[in-house]
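A.B. asks: 185 is the number of the first residue of the sequence shown in the working numbering; add one for each residue after it. For every residue, glycine included, the Cβ atom is placed at its ideal position computed from N, Cα and C. What follows is a structure written as structure tokens; I'll ask about it next.
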Amino acid sequence: MSSRVSGDLEKEEEEEEEEEEEESFNPTEVKMSQIVMPCHSNHRQELSVGQLLKWMDSTACLSAERHAVSPCVTASMDDIHFEHTISVGQVVNIKAKVNRAFNTSMEVGIQVSCEDLFSDRHWRVCLAYATFVTQRTNTGKKVILKPIVPHTQKEQVEYSVAAERRRVRMVHDDIIKELLSNGSIQQADNSTVGNAVPAERTRVESVELVLPPHANHQVNTFGGQIMAWMVNVAMIAASRLCQAHPTLRSIDMFTFRGPSQIGDRLLLRAIVNNAFKNSIEVGVRAEAYQEEGHNRHINSAFMTFEVLDNHGMPCTLPRIRPEPLEGERRFQEAIARKKIRLDRKYIISRKQSEVPLSVPWDPTNQVYLSYNNVSALKMLAARNNWRLSSEKDKVRLYTLEQKSMLSFRVESEVDVPAHRAFCLLAELGNRPSWDTHYQKCELIHRVDDDDFLYRVVTPSVHHRGVGSTTSASPDEGILQDFILLASKRKPCGSGDPYVIALRSVSLPTHPPTEGYNRGEVLCAGFTILETKNNMSLISYYNQASPEVLPYISTDIAGLSSSFYHIFCSCSQYLTRNKEQSGSEEQTGQYQATNTDSPTCDSEADSLSVGLYSTHL
């Protein structure tokens, strides 16, 4: 697999991470380095994934316990995608540190890289996020964790986005149920699979006796050991289908449902759920039992395998014929999980420089689009190399250049409480009172209390050269419209801002129409942070492509103050409506926030367009 390494790029990424980490020491960081010996490898002289999972779990647990100063156990592990394999003689470097502590649980980030001692090459193997929980004290009390204080830019990003990842974990199981219930997943057609391999032929069952070497320092069965045993039976099941040696590519998010102790018998069952053109999904279930008593469900996991040819390319695989009833259910669920994997890869892992910017929206990928929307804005806000371009009466314009992308931030402090400013910026009906460039904002769909889809119409913009760009009158040119996903978030901890995030999506029900120029928003929105004396620091962000640079160049060069006038108008609107109305007091600020959320989104978007228009 090392032959597939994109060396220069990955080495550059590693160097950037190392430079950033040198800025500050993280007390929760734990590092482990292991040279891969033959006893750690499989028949191909590659590090077995089971052994790697044990090392990863050990490192993450030590990091969690360093922060908690208390025994911790693995509660869950997010999706793990293995980008490369590791050969005998190479070095595995594992770094783990706590990204964020909630009440009694914490997220630990795990980075795994490989080092070739003879060529001095380094490359990333995988990135994982594990959730650990503290064990109760002897008196039965929960251990309340102290908060994490991020120091570097990268730590601030991970701290902020950890809340979004937690949100995704909580709805993970519901997404599959919705996919199956709404009929969007194809049904198995057993009449066309006469030459397929019967699924029962791939069934594997194995029992392991938990001995002291398999236990952790808390005398519970080591989570990494359970995962290693599960990988082993899954590998056998996949091999029975393809009659070859498969490579494990990914493990879906899974949760440990209960503990296991020394003396337990672990019953491990695996079967191929579905076989696609180039990949196989294997389902694994682990149960624990004693000599007497019923079986306890410990864990379930879904693993994806590939078979590679001599050139490292995926081979075409035989089809599977599912068993009746339960087998057909697993067959359908595997299709749903594949769709979820593709959504995550396409949306969450997508580089923001890729085009087109708009991603098709549908209810099944909403969770990941919302995650991408909010996390992108949080990551942009956390950058520490913003440059002040101009300032007038404490309204500041900052710019940030990243390769081919230009971002700008406009911010000012207002004498309005943060929660009230959040509600007001979500008040769509009052938008024309402070934004003269606002023309129309149509609510297309209310997804839930926090996410909304809008069609926003703004004036067109005529470019007459740098420094002489002007906004078109309503009678001139073609109007611009945007299809936007607006996501709002309240703070989930001390120091967190209120967030109103915007990004473009595409909807089959709202294609580009004649008379409108379809625009796209890559990343935009507001953050509202509570400051001293019950005031708020309001920041507006927009990440623009190079084509937008001429529209804002006059402000960046200090030749125009149009951004100042729009932001002042917004500030005046907030100040005038500072006091909460009687109806809002009766419904409560959070309920008002929920109902107002759609507005926020549109506002942020039209503000972005308004900024462009007035600069012209």
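Do Val-705 and Phe-666 have their C-beta atoms within less than 7 Å of each other?
C.D. replies: Yes, they are a contact pair.
A.B. asks: For the putative contact between Ser-434 and Thr-500, defined by C-beta atoms under 8 Å, what is the C-beta separation to the nearest angstrom?
C.D. replies: Between Thr-500 and Ser-434 the Cβ distance is about 19 Å, and since that is not below 8 Å, they are no contact.
A.B. asks: What are the partner residues of Lys-338, as DSSP defines its beta bridges?
C.D. replies: Beta-bridge pairing links Lys-338 to no other residue.
A.B. asks: Pairing CB atoms from the segment 697-717 with CB atoms from the segment 589-603, are three or more of them under 8 Å?
C.D. replies: Yes: at least three Cβ pairs fall under 8 Å.
A.B. asks: On the DSSP letters alone, give me the boundaries of the alpha helix (DSSP H) that Lys-562 sits inside.
C.D. replies: Start and end: 550-566.
A.B. asks: At a Cβ threshold of 7 Å, is Arg-580 touching chain B?
C.D. replies: The displayed structure is made up of one protein chain only, and chain B is not part of it.
A.B. asks: Assuming contact is defined by CB atoms lying nearer than 7 Å, are Val-466 and Val-456 in contact in what I supplied?
C.D. replies: A contact, by the Cβ cut-off of 7 Å.
A.B. asks: Only counting the same chain, and skipping five residues up and downstream in sequence, which positions put a Cβ closer than 6 Å to that of Val-641?
C.D. replies: Answer for Val-641: Gln-623, Lys-624, Leu-663, Asp-665, listed in chain order.
A.B. asks: For the segment 403-435, list the alpha helix (DSSP H) runs that are entirely contained and at least 4 residues long, ordered along the chain.
C.D. replies: With a minimum length of 4 residues, the continuous alpha helix (DSSP H) runs that stay inside the segment 403-435 are 407-426.
A.B. asks: Taking the runs of the beta strand (DSSP E) that are 3 residues or longer, which of them lie wholly in the segment 659-731?
C.D. replies: Complete beta strand (DSSP E) runs here, min 3: 663-673, 682-690, 700-702, 707-714, 720-728.
A.B. asks: Can you check whether the CB of Val-214 is closer than 7 Å to the CB of Asp-243?
C.D. replies: According to the sequence provided, residue 243 is Thr. The question's Asp does not apply to it. Taking 7 Å as the Cβ cut-off, Thr-243 and Val-214 qualify as a contacting pair.
A.B. asks: Applying the criterion that 16 or more other CB atoms from any shown protein chain within 10 Å of the CB defines a buried residue, is Arg-284 buried or exposed?
C.D. replies: So Arg-284 counts as buried.
A.B. asks: Return the CA-CA distance between Gln-409 and Ile-712, expressed in angstroms with no decimal places.
C.D. replies: Spanning the two alpha carbons is a distance of roughly 45 Å.
A.B. asks: Determine the direct distance from the alpha carbon of Tyr-638 to that of Gly-171, and round the result to whole angstroms.
C.D. replies: Here the chain comprises residues numbered 185 to 800, so residue 171 is not present and cannot be evaluated.
A.B. asks: Just verifying my parser: in three-state terms, what is the DSSP assignment at Trp-307?
C.D. replies: Strand, per DSSP.
A.B. asks: For my contact list, Val-282 and Val-292 are in at a C-beta cut-off of 8 Å; report their separation, rounded to the angstrom.
C.D. replies: With a Cβ gap of about 5 Å, Val-282 and Val-292 count as contacting.
A.B. asks: Report the CB separation of Ser-390 from Leu-452 in whole angstroms; it is logged as a contact under 8 Å.
C.D. replies: Between Leu-452 and Ser-390 the Cβ distance is about 5 Å, and since that is below 8 Å, they are a contact.
A.B. asks: How far does the alpha helix (DSSP H) with Lys-523 in it extend, from its first residue to its last?
C.D. replies: Start and end: 510-527.
A.B. asks: For Arg-528, which residues in the same chain have their Cβ closer than 6 Å to its Cβ, ignoring the five residues on either side in sequence?
C.D. replies: Same-chain partners within the cutoff: Tyr-552.
A.B. asks: For the beta strand (DSSP E) containing Cys-298, name the first residue and the last one.
C.D. replies: From DSSP, the beta strand (DSSP E) with Cys-298 extends over 289-300.
A.B. asks: Of the residues Thr-439, Arg-480, Ala-428, Arg-521, which one's Cα is nearest the Cα of Pro-498?
C.D. replies: Answer by Cα proximity: Ala-428.
A.B. asks: Just list the residues that DSSP pairs His-401 with in beta bridges.
C.D. replies: His-401 is not bridged to any residue.
A.B. asks: With burial defined as no fewer than 16 other Cβ atoms inside 10 Å of the residue's Cβ, what is the status of Glu-476: buried or exposed?
C.D. replies: It is exposed - the Cβ of Glu-476 has fewer than 16 other Cβ atoms within 10 Å.
A.B. asks: What is the DSSP secondary structure of Arg-571, reduced to helix, strand or coil?
C.D. replies: In the structure shown, Arg-571 sits in a strand (DSSP, three-state: E or B).
A.B. asks: Of the choices Arg-571, Tyr-555, Asp-263, whose alpha-carbon is the least far from that of Arg-673?
C.D. replies: Nearest of Arg-571, Tyr-555, Asp-263 to Arg-673, Cα basis: Tyr-555.
A.B. asks: Note down the Cα distance separating Pro-681 from Ser-303, rounded to an integer number of angstroms.
C.D. replies: Rounded to the nearest angstrom, the two C-alpha atoms are 46 Å apart.
A.B. asks: Identify whether His-356 lies in helix, strand or coil by the three-state DSSP scheme.
C.D. replies: DSSP places His-356 in helix when its eight states are reduced to three.
A.B. asks: Which two residues bound the contiguous beta strand (DSSP E) that contains Gln-756?
C.D. replies: Here Gln-756 belongs to no beta strand (DSSP E); instead the alpha helix (DSSP H) covers 746-760.
A.B. asks: How many Å lie between Ala-418 and Ala-485 at the Cα?
C.D. replies: Distance between the alpha carbons of Ala-418 and Ala-485: 10 Å.
A.B. asks: When you compare each of Ala-421, Thr-405, Ala-459 to Gly-442 by their alpha carbons, which one comes out closest?
C.D. replies: Taking only the C-alpha atoms, the option nearest Gly-442 is Thr-405.
A.B. asks: Would you identify the three-state DSSP class for Ala-454, choosing helix, strand or coil?
C.D. replies: Strand.
A.B. asks: Out of Leu-450, Ser-720, Asn-479, Glu-512, state which residue places its alpha-carbon closest to the alpha-carbon of Ala-459.
C.D. replies: Closest by alpha carbon: Glu-512.
A.B. asks: For Met-240, report the span of its alpha helix (DSSP H) as first-last.
C.D. replies: Taken as a continuous stretch (DSSP letters only), the alpha helix (DSSP H) holding Met-240 covers 233-252.
A.B. asks: Which of helix, strand or coil does DSSP assign to Phe-606?
C.D. replies: DSSP places Phe-606 in helix when its eight states are reduced to three.
A.B. asks: Given a cut-off of 7 Å, decide if Ser-596 and Lys-576 are closer than it, judged by their beta-carbon atoms.
C.D. replies: Not in contact: Lys-576 and Ser-596 (Cβ atoms no closer than 7 Å).
A.B. asks: So, at 6 Å on beta carbons, what are the nonlocal neighbours of Ala-380 in its own chain, with the 5 sequence-adjacent residues on each side left out?
C.D. replies: Taken in chain order, the residues that qualify are Arg-503, Ile-504, Arg-505.
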